[in-house]
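Enquirer:
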């Protein structure tokens, strides 16, 4: 699968990612009852094996929020945040002053899981609206461990070690505070083909 | 001075430089398998990702536990190691996801360890220590000088296995 992300698919997925992440921000705002926005996400592709380096190396402590996607679209969504950023994001999500969260207890994990859940769901809705391919996310799992160990979760079910994966980088903003989070979307090969077909069909006429 | 040689996903490295330390960082379900010939002080470390190549393919690579062990053994022998002298140490193979809603596809760590045990037995290689399973990630270090293997987990000190 050399040509996994052709330019056309990448640009279509970029548009969907934009839509999805803005939907997600609205959903989160409703959840926290206050304005929480997300900046224009950067969408790029990165070789899978480069990911740990983007996060400070495979031994860096981080938080992973993981969803499996089932339905007409199948794949995985992983949001990875360095540990210190995850604490900031927990504060931001729960409306606490910066520096309040010093460790991730059940409450904080649950808030982060919900954030991942919302982001994933709204993102999938955006794809469904664009392609007619419906999918739903599994309940989110939150993993606190080394980056390398978190990435192994993806490799366990998708043989993407030597491939490029779609990366979204977005900043969450609330009352002038911001926290950056990176997401990786790893569609199953079959799903990528379906999306490509749908995009091809909708652009053919 | 010690030199750390990183062994990435699906890779292996061997060394006879006594100052080298072979390191596989942040192993989750992956396994780190170290082979050591004490007589010639030759060490090799494999960082395998999946148990074996998918059905019907003959993809022989260090990415898989089974073919990776064969490849590493071959390289060790080529560099002068004697299989009967080789000792093996292993760490990793955690099951990172034990949340409800995720099926047994995620017991990959356990399957990696089982695949390693079978292959080591088939090749009559001597496994002298291991720390596998559980639900946490590990960094594995393998010292060329004396064939020691250590692990480190988040928030903990390095310790020998």
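Residue numbers (my numbering), protein chains in the order written: chain A, 1 to 205; chain B, 206 to 366. Each residue gets a CB set at the ideal place from its N, CA and C atoms; glycine is no exception. Nothing here was measured: the structure is a model prediction, and the numbers come from that model.
Got a sec? Which residues, its chain only, sit under 6 Å from residue 205(A) by beta carbon, not counting five neighbours each side?
Expert: Here residue 205(A) refers to the residue found at position 205 when the first chain is read from its first residue. At residue 205(A) the pLDDT is 36, less than 50, meaning the model places this residue with poor confidence; the figure from the coordinates comes in the next sentence. Within the same chain, residue 205(A) has no close Cβ partners at all.
Enquirer: Quick one: which residues of the region 338 to 364 of chain B get their C-beta closer than 9 Å to a C-beta of chain A? List them in chain order.
Expert: Result list: 340, 341, 342, 343, 344, 357, 358, 359 and 360.
Enquirer: Hey, how far is the Cα of residue 184(A) from the Cα of residue 106(A)?
Expert: Counting from 1 along the first chain, the entry for residue 184(A) is found at position 184. Counting from 1 along the first chain, the entry for residue 106(A) is found at position 106. Rounded to the nearest angstrom, the two C-alpha atoms are 24 Å apart.
Enquirer: Which two residues bound the contiguous beta strand (DSSP E) that contains residue 229(B)?
Expert: Position 24 of the second chain, counted from the start, is the residue given in the question as residue 229(B). Element bounds for residue 229(B): 225 to 232.
Enquirer: Beta carbon of residue 218(B), beta carbon of residue 212(B): below 8 Å?
Expert: Along the second chain, read from residue 1 onward, the residue named residue 218(B) stands at position 13. Along the second chain, read from residue 1 onward, the residue named residue 212(B) stands at position 7. Yes; because the gap between Cβ atoms is below 8 Å, this pair is in contact.
Enquirer: Just mark residue 190(A) as buried or exposed, buried being the case when its beta carbon has 16 or more other beta carbons within 10 Å.
Expert: Mapped onto the first chain, residue 190(A) falls at position 190. It is exposed - the Cβ of residue 190(A) has fewer than 16 other Cβ atoms within 10 Å.
Enquirer: Can you tell which of 316(B), 315(B) and 293(B) has the C-alpha that lies nearest to the C-alpha of residue 242(B)?
Expert: The sequence position of residue 242(B) within the second chain is 37, counting from 1. Out of 316(B), 315(B) and 293(B), 293(B) has the C-alpha closest to the C-alpha of residue 242(B).
Enquirer: Report yes if the C-beta distance between residue 325(B) and residue 274(B) is below 8 Å; otherwise report no.
Expert: Locating residue 325(B) in the second chain gives position 120, where the first residue counts as 1. Locating residue 274(B) in the second chain gives position 69, where the first residue counts as 1. Against a cut-off of 8 Å, the Cβ pair of residue 274(B) and residue 325(B) comes out as a contact.
Enquirer: I believe residue 228(B) touches residue 346(B) by the beta-carbon criterion, under 8 Å. Please report the beta-carbon distance rounded to the nearest angstrom.
Expert: Here residue 228(B) refers to the residue found at position 23 when the second chain is read from its first residue. Here residue 346(B) refers to the residue found at position 141 when the second chain is read from its first residue. Right, their Cβ atoms sit about 5 Å apart.
Enquirer: From residue 160(A) to residue 288(B), what distance separates their C-alpha atoms?
Expert: Here residue 160(A) is taken as the residue at index 160 of the first chain, counted from 1. Here residue 288(B) is taken as the residue at index 83 of the second chain, counted from 1. Going from the Cα of residue 160(A) to the Cα of residue 288(B) covers about 33 Å.
Enquirer: Which bits of chain B does residue 148(A) rub up against, with CB to CB less than 9 Å?
Expert: Numbered from its first residue, the first chain carries residue 148(A) at position 148. Residues of chain B passing the Cβ test: 214, 229, 230, 231, 232, 233, 235, 342 and 344.
Enquirer: With 9 Å as the limit, tell me which residues of the region 255 to 280 of chain B have their beta carbon closer than that to any beta carbon of chain A; keep them in chain order.
Expert: For the region 255 to 280 of chain B, which is checked against every Cβ of chain A, the residues closer than 9 Å are 255, 259 and 268.
Enquirer: How many angstroms separate the CA atom of residue 208(A) from the CA atom of residue 139(A)?
Expert: Past the boundaries of the shown model lies residue 208(A); chain A is included only from 1 to 205, so the question cannot be answered.
Enquirer: Just to confirm my understanding: we take residue 215(B), look at its own chain, exclude 5 residues before and 5 after, and list those with CB closer than 6 Å. What are they?
Expert: As a position in the second chain, residue 215(B) is number 10, starting the count at 1. Same-chain partners within the cutoff: 254, 267 and 268.
Enquirer: Using 8 Å as the limit for Cβ to Cβ distance, is residue 251(B) near chain A?
Expert: As a position in the second chain, residue 251(B) is number 46, starting the count at 1. Closer than 8 Å: no.
Enquirer: Relative to the C-alpha of residue 258(B), which residue among 329(B), 333(B) and 317(B) is closest?
Expert: Locating residue 258(B) in the second chain gives position 53, counting from the first residue. It is 317(B) whose Cα lies nearest to the Cα of residue 258(B).
Enquirer: In chain order, what residues of the same chain have a beta carbon less than 6 Å from the beta carbon of residue 20(A), not counting five sequence neighbours either side?
Expert: Against the first chain, residue 20(A) aligns to sequence position 20. Answer for residue 20(A): 122, 123 and 126, listed in chain order.
Enquirer: Using the Cα positions of residue 23(A) and residue 120(A), report the straight-line distance between them to the nearest angstrom.
Expert: Locating residue 23(A) in the first chain gives position 23, counting from the first residue. Locating residue 120(A) in the first chain gives position 120, counting from the first residue. Computed Cα separation, rounded: 10 Å.
Enquirer: Verify the CB distance criterion: does residue 204(A) have a CB-CB separation below 8 Å to chain B?
Expert: The residue given as residue 204(A) occupies position 204 in the first chain. Legend: pLDDT at residue 204(A) = 44, less than 50; position of this residue unreliable, value from coordinates given subsequently. Taking Cβ atoms only, chain B never reaches closer than 8 Å to residue 204(A), which makes this a no.
Enquirer: Going along the chain, which unbroken runs of the beta strand (DSSP E) with 3 or more residues stay wholly within the region 304 to 347 of chain B?
Expert: Listed in chain order, the complete beta strand (DSSP E) runs (minimum 3 residues) inside the region 304 to 347 of chain B are 331 to 337.
Enquirer: Name the chain A residues that come within less than 9 Å of residue 296(B), Cβ to Cβ?
Expert: Along the second chain, read from residue 1 onward, the residue named residue 296(B) stands at position 91. Residues of chain A passing the Cβ test: none, with the nearest at roughly 12 Å.
Enquirer: Buried or exposed for residue 2(A), going by 16 or more other Cβ atoms inside 10 Å?
Expert: Here residue 2(A) refers to the residue found at position 2 of the first chain. Bear in mind that a pLDDT of 43 at residue 2(A), under 50, signals an unreliable position, so the number given afterwards is only what the model happens to contain. Residue 2(A) comes out exposed.
Enquirer: Let me confirm a value: residue 177(A) is counted as buried when at least 16 other C-beta atoms fall within 10 Å, else exposed. Which label applies?
Expert: The residue given as residue 177(A) occupies position 177 in the first chain. Residue 177(A) is exposed by the Cβ-count criterion.
Enquirer: What is the DSSP secondary structure of residue 82(A), reduced to helix, strand or coil?
Expert: For the purposes of this step, residue 82(A) is taken as residue 82 along the first chain, with counting starting at 1. If DSSP states are grouped into helix, strand and coil, residue 82(A) belongs with the strands.
Enquirer: Does residue 161(A) have its Cβ less than 8 Å from a Cβ in chain B?
Expert: Along the first chain, read from residue 1 onward, the residue named residue 161(A) stands at position 161. Cβ-Cβ to chain B under 8 Å: yes for residue 161(A).
Enquirer: Answer with yes or no whether the minimum CB distance from residue 299(B) to chain A is below 8 Å.
Expert: Looking up residue 299(B) in the second chain gives position 94. Cβ-Cβ to chain A under 8 Å: yes for residue 299(B).
Enquirer: Would you check if the region 42 to 60 of chain A and the region 162 to 177 of chain A touch, i.e. whether three or more CB-CB distances between them fall below 8 Å?
Expert: The region 162 to 177 of chain A, when compared against the region 42 to 60 of chain A, does touch it at the 8 Å Cβ threshold.
Enquirer: Looking at chain B, is there any beta carbon in it that lies within less than 8 Å of the beta carbon of residue 24(A)?
Expert: Taking the first chain and counting its residues from 1, one reaches residue 24(A) at position 24. No, residue 24(A) does not count as interfacial toward chain B.
Enquirer: Do you know whose CA, among 282(B), 271(B), 256(B) and 207(B), lies nearest residue 244(B)'s CA?
Expert: Taking the first residue of the second chain as 1, we reach residue 244(B) at position 39. Checking every option, the nearest Cα to that of residue 244(B) belongs to 282(B).
Enquirer: Closest by CA to residue 113(A), which one among 93(A), 179(A) and 175(A)?
Expert: Along the first chain, read from residue 1 onward, the residue named residue 113(A) stands at position 113. Closest option to residue 113(A), Cα to Cα, is 93(A).
Enquirer: Listing by chain order, which chain B residues have their CB less than 9 Å from the CB of residue 61(A)?
Expert: Mapped onto the first chain, residue 61(A) falls at position 61. Residues of chain B passing the Cβ test: 359 and 360.
Enquirer: Let me confirm a value: residue 97(A) is counted as buried when at least 16 other C-beta atoms fall within 10 Å, else exposed. Which label applies?
Expert: Your numbering for residue 97(A) matches position 97 in the first chain. That one is exposed.
Enquirer: Looking only at C-alpha atoms, which of 175(A), 182(A) and 188(A) sits nearest to residue 238(A)?
Expert: No answer is possible for residue 238(A): the residues shown for chain A start at 1 and end at 205.
Enquirer: Which residues in chain A sit within 8 Å of residue 245(B), going by Cβ to Cβ distance?
Expert: The residue you call residue 245(B) lines up with position 40 of the second chain. Here the premise fails: no neighbours, minimum Cβ distance about 30 Å.
Enquirer: Who are the neighbours of residue 210(B) on chain A, taking C-beta pairs under 8 Å?
Expert: Translated into positions along the second chain, residue 210(B) becomes position 5. Within chain A, no residue comes near residue 210(B); the closest Cβ sits about 14 Å away, beyond 8 Å.
Enquirer: With DSSP as the reference, identify every bridge partner of residue 169(A), one or two as the case may be.
Expert: Within the first chain, the letter at position 169 stands for residue 169(A). According to DSSP, which records beta bridges pairwise, residue 169(A) is partnered with 42(A) and 182(A).
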